[in-house]
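Presented below is the structure to which this report refers.
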Amino acid sequence: MFLNNTMGSHILRTSIKTKSHTKGALQETSLFPAASPNDAISVEIGERHLQMREGFIALNSPIPLRTMSSGVVGAGTGWHSSFVNRHVDKSYDCSDHREEMIHYLKEKGFKPEETVGMMTAVMLEDVCFKHYQEEGFSVFIVVTAGTGNAVDASKSSEYYSYDMSPGTINIWLFVNGVLTEEAFIQSMMTATEAKTKALHDLEIRDKLSGTVATGTSTDSIMVASSQQGQKLEYAGTITPLGRTIGKGVHECTVEAIRNSKKRVTK
Numbered sequence: 442m443f444l445n446n447t448m449g450s451h452i453l454r455t456s457i458k459t460k461s462h463t464k465g466a467l468q469e470t471s472l473f474p475a476a477s478p479n480d481a482i483s484v485e486i487g488e489r490h491l492q493m494r495e496g497f498i499a500l501n502s503p504i505p506l507r508t509m510s511s512g513v514v515g516a517g518t519g520w521h522s523s524f525v526n527r528h529v530d531k532s533y534d535c536s537d538h539r540e541e542m543i544h545y546l547k548e549k550g551f552k553p554e555e556t557v558g559m560m561t562a563v564m565l566e567d568v569c570f571k572h573y574q575e576e577g578f579s580v581f582i583v584v585t586a587g588t589g590n591a592v593d594a595s596k597s598s599e600y601y602s603y604d605m606s607p608g609t610i611n612i613w614l615f616v617n618g619v620l621t622e623e624a625f626i627q628s629m630m631t632a633t634e635a636k637t638k639a640l641h642d643l644e645i646r647d648k649l650s651g652t653v654a655t656g657t658s659t660d661s662i663m664v665a666s667s668q669q670g671q672k673l674e675y676a677g678t679i680t681p682l683g684r685t686i687g688k689g690v691h692e693c694t695v696e697a698i699r700n701s702k703k704r705v706t707k
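442 is the number of the first residue of the sequence shown in the working numbering; add one for each residue after it.
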């Protein structure tokens, strides 16, 4: 069975698969892309697609990428071809941030329905990006990072109340390969573990608890896949993809934090 599923301006052929529950009384239904919309074009996402603009970093893909993200715009799963990390002042009013971000994207010529958008108070010049080529696949990683609101997640309930503010550690993972559902989720898990290890190695501390921070209070992450080439079933820490993500996110996060700290101490 096939459905026409419209996301942005892209028409995707989608198949519905059902399987019986182990107890026999229920059926599980899941929705899978029957084929990537990129079958006719072969592209490797990398540095040549990245652009530094006044006030934002953008990556424009010539093909729609399958995504999973926690972005201000484009959150959840979908297919997107534009990716924007926007600088905002620390005093930015987050009360209506999503609508304001949509308006901003339109002003800059982006289609919000085809864009994953994030915000950060970090200076974008301190970005770190690296391309990692492996056998049969590659990963392009982009990180902006600052630690002004570093938090130990295990202590946050004791010291913090909820407060909206612009994202501080923003991570983009572009995988040139075919990711399964498991691989998307595990990519985020592995990247988060690597980010936390970077903060541990740099001895970044939660200012209120005094303990080593696990991240910041407003981090954001995005995984995008070309859905071309080698199939990557899993992205746990010892898999080929997981090892690359772990190494790359750690390296890029450390370098981005150091870049930011150099600016602060000048």
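Ideal Cβ placement from N, Cα and C applies to all residues, glycine included.
Boundaries of the beta strand (DSSP E) in which residue i is found, first to last residue
i, result
"Y675", "Y675 -> no beta strand (DSSP E), and no H or E assigned at all."
"Y573", "C569 to E575"
"T556", "T556 to T561"
Any non-hydrogen atom of the ligand ATP within 7 Å of residue i CB
i, result
"M542", "Looking at this structure, you won't find the ligand ATP or any other ligand, since it has none at all."
Own chain, CB closer than 6 Å to residue i, minus 5 neighbours either side, in chain order
i, result
"N611", "N526, M559, T561, T585 and S661"
"G587", "V563, T609 and S701"
"L682", "L673 and A676"
Separation of residue j from residue i, as counted between CA atoms
i, j, result
"I626", "Y675", "9 Å"
"R646", "K552", "39 Å"
"A499", "Q492", "5 Å"
"F497", "E566", "10 Å"
"S536", "E576", "46 Å"
"K458", "A516", "With a pLDDT of 47 at K458, under the threshold of 50, the modelled position of this residue cannot be trusted; read the value that follows with caution. Those two C-alpha atoms are separated by around 24 Å."
"Y545", "S532", "17 Å"
"M663", "T556", "12 Å"
"T678", "S510", "20 Å"
"W613", "T631", "13 Å"
"E644", "A654", "8 Å"
"S483", "V513", "29 Å"
"G651", "T694", "21 Å"
"H451", "V616", "Bear in mind that a pLDDT of 44 at H451, under 50, signals an unreliable position, so the model cannot answer this."
"A665", "I686", "13 Å"
"N684", "L640", "Going by the sequence as given, residue 684 is Arg instead of Asn. Roughly 18 Å separates the two Cα atoms."
"K638", "G550", "37 Å"
"T504", "T621", "Per the sequence shown, the amino acid found at residue 504 is Ile instead of Thr. Looking at the two C-alpha atoms, the distance is approximately 19 Å."
"A697", "A591", "14 Å"
"E541", "N501", "21 Å"
"H538", "D642", "33 Å"
"S522", "I582", "16 Å"
"S628", "Q668", "14 Å"
"F524", "K688", "23 Å"
"S658", "D530", "16 Å"
"L444", "W520", "The pLDDT assigned to L444 is 34, lower than 50, so where the model puts this residue is not dependable, and the model offers no usable value."
"R507", "V580", "14 Å"
Opposing strand residues paired with residue i [DSSP bridges]
i, result
"G517", "S510"
"Q492", "A499"
"F625", "Note: F625 sits in no beta bridge, so no partner."
"A586", "Bridge partners of A586: none, in fact."
"S406", "Since the first residue of the chain shown is 442 and the last is 707, residue 406 is not available in this structure."
"H641", "Answer by DSSP bridge pairing: none, since H641 is not bridged."
"F524", "L500 and V557"
"A591", "T657"
"V580", "Y573 and V616"
"N611", "T585 and S661"
"R699", "Answer is none; R699 lacks a bridge partner."
"R646", "V653"
First through last residue of the alpha helix (DSSP H) which encompasses residue i
i, result
"I543", "H538 to E548"
Own chain residues within Cβ distance below 7 Å of residue i, not counting five before or after
i, result
"Q671", "G577, F578, G618 and V619"
"H691", "A635, K638 and A639"
"K596", "D647, S650 and T652"
"I543", "V514 and P553"
"T518", "T508 and M509"
Short CB-CB distance (under 8 Å) between residue i and chain B
i, result
"G519", "No chain B appears in the structure shown, which is made up of a single protein chain."
Residues near residue i in its chain [Cβ-Cβ closer than 8 Å; skip 5 each side]
i, result
"E623", "E674, Y675 and A676"
"A594", "T655 and G656"
Taking contact to mean 3 or more Cβ pairs, one atom from each stretch, closer than 8 Å, check whether the region 480-489 and the region 561-579 are in contact.
yes
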